[in-house]
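**Student:**
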Amino acid sequence: MAPLDRKLVRDLWRMKGQVVAIALVIAAGVATVVLALGTLHSLQETRDAYYDRYQFANVFAQARRAPEHLARQVAAIPGVAQVETRIVDDIILDIPGLEEPARARILSLPDRVGARLNRVQIRIGRGIDPDHPDEILVHEAFAEAHGLVPGDTITGNINGKARRLRVVGIALSPEFVYVIGPGDLVPDNRRFGLIWMGRGALEAAYDLDGAFNDISLRLTRGAVEAEVIERLDGLLDPFGGVGAYTRHDQISDAFLRSEIEQLNNMARIIPPIFLAVAAFLLNIVVTRLVETEREQIGLFKAFGYSDLAVGWLYLKLVLAIAVLGILLGWAGGAWMGRGMTALYIEYFRFPFLYYLIDPAVFAVAALASLAAAVAGALYAVRRAVRLAPAVAMAPPAPTVYRHTIVERAVPAGMMGPMTRMVWRHIARWPLRSATTIVGVAASVALLVLSLFFIDAIDEMLDAFFFRSQHQDVTVQFADVRQDAVGFEIAHLPGVLAAEQFRAVPARLRHGHLSRRTQISGIEPDAQFSRLFDPNDRPIALPPFGIVLTAKLAERLDAVAGDVLTVEVLEGRRPVRRLPVSLIVQEYVGTAAYMDRSLLNRLMVESAAASGSHITVDPLAQADLMRALKDIPVIQGVTARRAALDTFRSMIDDTMGTMVSFYLLFASLIAVGVVYNSARISLSERGRELASMRVLGFYKGEVIAVLLGEMAILTVLAMPLGCLFGYGLAALLVGLFDSDLYRLPLIVQPSTYGYAVLVIAVAAAATGVAVARRIAGLDLIAVLKTRE
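Residue numbering for the sequence shown follows our numbering, beginning at 843 and increasing consecutively.
Structure below.
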């Protein structure tokens, strides 16, 4: 081994504590990249392969009743490669052991030939026999939630008639990777499921022989989706078409795409924080090493080693630390990626989902880390290269300390000598002190950012389930019904109060912009569906015009007072121009609201409703649920408490895991920054601290001088870190802003307090380790060291 290489190995061993601390910070950055990009790549690869293999459609549309021969005209549209018609409806199921009725979407499958689009994969059992009309396939998620296996039977209310349905197979479909019921925030596999039934059986049940109410299209490469949709809507309009939409707006793909975007955003935001801190730390360590080894550097050069050889020595030191961090990060990121993939399996239903070890992801993480490490140490290495032998072999000029601003601001006699030593050392090395502050602030910011998600989700839950909604149960009717049906619902056992609502699909246009959405007609004095302005103040529904959520208004570039063209997509399909009366704040979806009576007039209807919001006597809820299962006109029942519990359970699983990861990472940053700063100060001030002990200072007083500096820098970093964390939260709010949901920018005081407490504990633990080294100083050996 060459002499310089032996020196490198000895330096690494001598600095092993600092080496490990910096390597752990680098490892955290690498692990985050591998976790996010690895999981992202796994989801994308699995999604693309699944969609392609099982022919997931590109365009979807619904109608009320369209003749089957219309499919040939649809297939003739330029850009259409394949067409599949079917029958789809929402029904309720009576599941043993489940108090309330379960909701299900029932879809037809071709009787004699397999489906060409949105093909199902049978996981267990067999396909449907068209000669047995009551045979069904059940989606795997729903089957697992209820323990259903082939041979079991369930009762379904199909078009108002109760039927015993026999499960013959458990299946999956690319159309329902993310299974979520209408109006739900998260999947609830116990209360919403998917069922496939033979086409002939559903044609007979819904009197749709030779007709369909749902159509899917697969397009050729290069087809213009907008033109296809325009032609398709024109063909379906006479038959009650409600507006075609692309895969981009298909609910399952939209949620999956949103998750992929979130992973991509996290990979872009979090790792740079770790790598920047690691660069700071390497700069400090190598700069300190070069400064203390000036004489050795001079000797190397005097003995004939070139500037390049000396620079390469210190660069290899940096690369060795970076490589250690990369290896730890690769292992940690792969382990965490597998854990995240296991969580995704619960919510994204693929035939398979494996964490793919993509060499490109690992290479990107390694190259980014090496680049950050080299950039951080470049200045220090450059100093070593430029040192002339004569200058290097001369001892550096003594450190000069001066009065600080803090000393001048404090009255004489109120600041002891040790406190002055602390402040003067901080002021003497401003760049190093600033680096320590920035590093600790970064760890605080990362904790604030992680815990912000919990604050934001809590605010979303409170706004959606408590402030906006006050009903216990929402009942959806199978079709539009007169208010008399709602009055009957209000007199069911256990119902304390009921409010009717009307839901209408519509396309809103403002200038060249348009959005397909749902208009909800509610009562002006509604108590169960309340609206809030952008400042979170409750407001009354105006008796005129249309109310938009802030996100929908943004998509339409509309403000209060603007006039929209409203194209209703059902019934008589009226087209009206309505003013925007108000903008309201909601964190979920993009909806519009109107006075129900006004919406009924727009639809040229008498008093009509799509469902009822009801409050229930808890003691009679079981009786109510039994009664609802037997009412033919009911298509769905949603219990608010069950939806809330499901949402919280999902958040606990996913957010709890992510927050734990980032809590660990933030602590690693704090330990790495504080420990390295303390160790560097200890190395520089060993003679000074030993002299204090010889002069009669107690161990505790000597320790206080060094750790006091660390404590002051940590305390100064706390508010900066909180501010930085709030800024990162604001950045993420913008990045996660989508039509599906928005995160409110709210950070609770408890979040700041918890972040500060975690970093304080990490810094204190580091301080204890450094204090033990101070207490064990060999006074004779230290005092023999040359200045």
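Here a beta-carbon is modelled for each residue, glycine too, at the ideal position from N, C-alpha and C.
The structure displayed is predicted, hence computed values, not measured ones.
Using 10 angstroms around the beta-carbon of Glu941, count the other beta-carbons present and answer buried if the total reaches 16, otherwise exposed.
**Tutor:** exposed
**Student:** Using the Cα positions of Pro1193 and Pro1366, report the straight-line distance between them to the nearest angstrom.
**Tutor:** Answer to the nearest angstrom: the Cα atoms are 48 Å apart.
**Student:** Going by alpha carbons, who is nearest to Val1422 out of Leu1390, Ala1605, Thr1316?
**Tutor:** Closest in C-alpha terms to Val1422, from the list Leu1390, Ala1605, Thr1316, comes Leu1390.
**Student:** So for Ser1580, helix, strand or coil by DSSP?
**Tutor:** coil
**Student:** What is the rounded straight-line gap between the Cα of Tyr1196 and the Cα of Gly1478?
**Tutor:** CA-CA distance, Tyr1196 to Gly1478, rounds to 35 Å.
**Student:** Determine, using beta carbons only, whether Val901 and Leu1411 come nearer to each other than 8 Å.
**Tutor:** no
**Student:** Could you tell me the boundaries of the beta strand (DSSP E) in which Phe1319 lies?
**Tutor:** 1315-1324
**Student:** Using only CA atoms, which one of Asp971, Ser1454, Val1119, Lys849 lies nearest to Gly1363?
**Tutor:** Ser1454
**Student:** Suppose only complete runs of 3+ residues qualify. What are the beta strand (DSSP E) ranges in the region 945-972, listed by chain order?
**Tutor:** List check, beta strand (DSSP E) in window: 963-967.
**Student:** Within the same chain, show all residues whose beta-carbon is closer than 7 Å to that of Asp1075, passing over the 5 residues directly before and after it, in chain order.
**Tutor:** Gly1083, Gly1085, Ala1086
**Student:** Output the distance between the C-alpha atoms of Ala1109 and Glu1103, rounded to the nearest integer angstrom.
**Tutor:** 10 Å
**Student:** Pick from Arg1418, Pro1335, Thr1278: whose alpha carbon is nearest that of Glu1551?
**Tutor:** Looking at the Cα atoms, Thr1278 is the closest of the given residues.
**Student:** Suppose contacts are defined by Cβ-Cβ distances below 8 Å. Is Arg1033 in contact with Ala1340 by that definition?
**Tutor:** no
**Student:** Can you tell me whether Gln1318 is buried or exposed? The criterion is at least 16 other CB atoms within 10 Å of its CB, across all chains shown.
**Tutor:** Buried, since its Cβ has 16 or more Cβ neighbours within 10 Å.
**Student:** Which parts of the region 890-953 are runs of the alpha helix (DSSP H), unbroken and 4 residues or longer, counting only runs that do not cross its ends?
**Tutor:** 912-917
**Student:** Just how far apart, CA to CA, sit Arg1615 and Trp1154?
**Tutor:** 31 Å
**Student:** What's the C-alpha gap between Ala1287 and Leu1273?
**Tutor:** 20 Å
**Student:** Please say whether Leu1289 and Val1600 have beta carbons closer to each other than 8 Å?
**Tutor:** yes
**Student:** What are the start and end residues of the beta strand (DSSP E) that includes Phe1343?
**Tutor:** Per DSSP, the continuous beta strand (DSSP E) segment holding Phe1343 begins and ends at 1337-1352.
**Student:** Of all the options Asp1079, Tyr1429, Phe1370, Thr1480, which has the alpha carbon lying nearest to the alpha carbon of Phe1578?
**Tutor:** Tyr1429
**Student:** Contact check, Asn1107 vs Leu1574 under 8 Å by CB: the rounded distance?
**Tutor:** 7 Å
**Student:** Mind checking whether Ile970 and Gly1040 have CB atoms under 8 Å apart?
**Tutor:** yes
**Student:** Could you check which residue in Lys1003, Leu1394, Asp1049, Ala1047 has the C-alpha nearest to that of Leu1355?
**Tutor:** Leu1394
**Student:** Over the uninterrupted alpha helix (DSSP H) stretch that includes Ala1013, give me the two end residues.
**Tutor:** Note, Ala1013: premise wrong, no alpha helix (DSSP H); beta strand (DSSP E) at 1003-1014.
**Student:** Quick check on DSSP: helix, strand or coil for Glu1409?
**Tutor:** Correct three-state label for Glu1409: strand.
**Student:** Measure the alpha-carbon distance for Glu982 versus Tyr1504 and round it to whole angstroms.
**Tutor:** 33 Å
**Student:** How is Ser1371 classed by DSSP in three states: helix, strand or coil?
**Tutor:** Of the three classes helix, strand and coil, the one that applies to Ser1371 here is strand, per DSSP.
**Student:** Taking 8 Å as the cut-off, does the region 1165-1172 touch the region 863-881 (at least 3 CB pairs, one atom from each stretch)?
**Tutor:** yes
**Student:** Rounded to the nearest angstrom, how far is the Cβ of Ser1452 from that of Arg1344, given a contact under 8 Å?
**Tutor:** 5 Å
**Student:** DSSP three-state label for Leu1334, please.
**Tutor:** coil
**Student:** Using CA coordinates, which residue listed in Arg1224, Val1401, Leu1141 is at the minimum distance from Pro1376?
**Tutor:** Val1401
**Student:** For the alpha helix (DSSP H) that Pro975 lies in, which residues bound it at each end?
**Tutor:** First-last for Pro975: undefined, no H or E at that position.
**Student:** Tell me which same chain residues have a C-beta within less than 8 Å of the C-beta of Asn1518, skipping the five on either side of it?
**Tutor:** Counting only Cβ-Cβ distances below 8 Å, and skipping sequence neighbours, we find Gln860, Ala863, Ile864, Leu1123, Ile1126, Val1127.
**Student:** Using the Cα positions of Thr1062 and Ala917, report the straight-line distance between them to the nearest angstrom.
**Tutor:** Cα-Cα distance, rounded: 11 Å.
**Student:** Quick check on Phe1329: buried or exposed, where buried means 16 or more other Cβ atoms within 10 Å of its Cβ?
**Tutor:** The Cβ neighbour count for Phe1329, taken over all protein chains shown within 10 Å, is under 16; the residue is labelled exposed.
**Student:** Mind checking who Trp1038 pairs with in its DSSP beta bridge?
**Tutor:** Paired residue(s): Leu949, Leu979.
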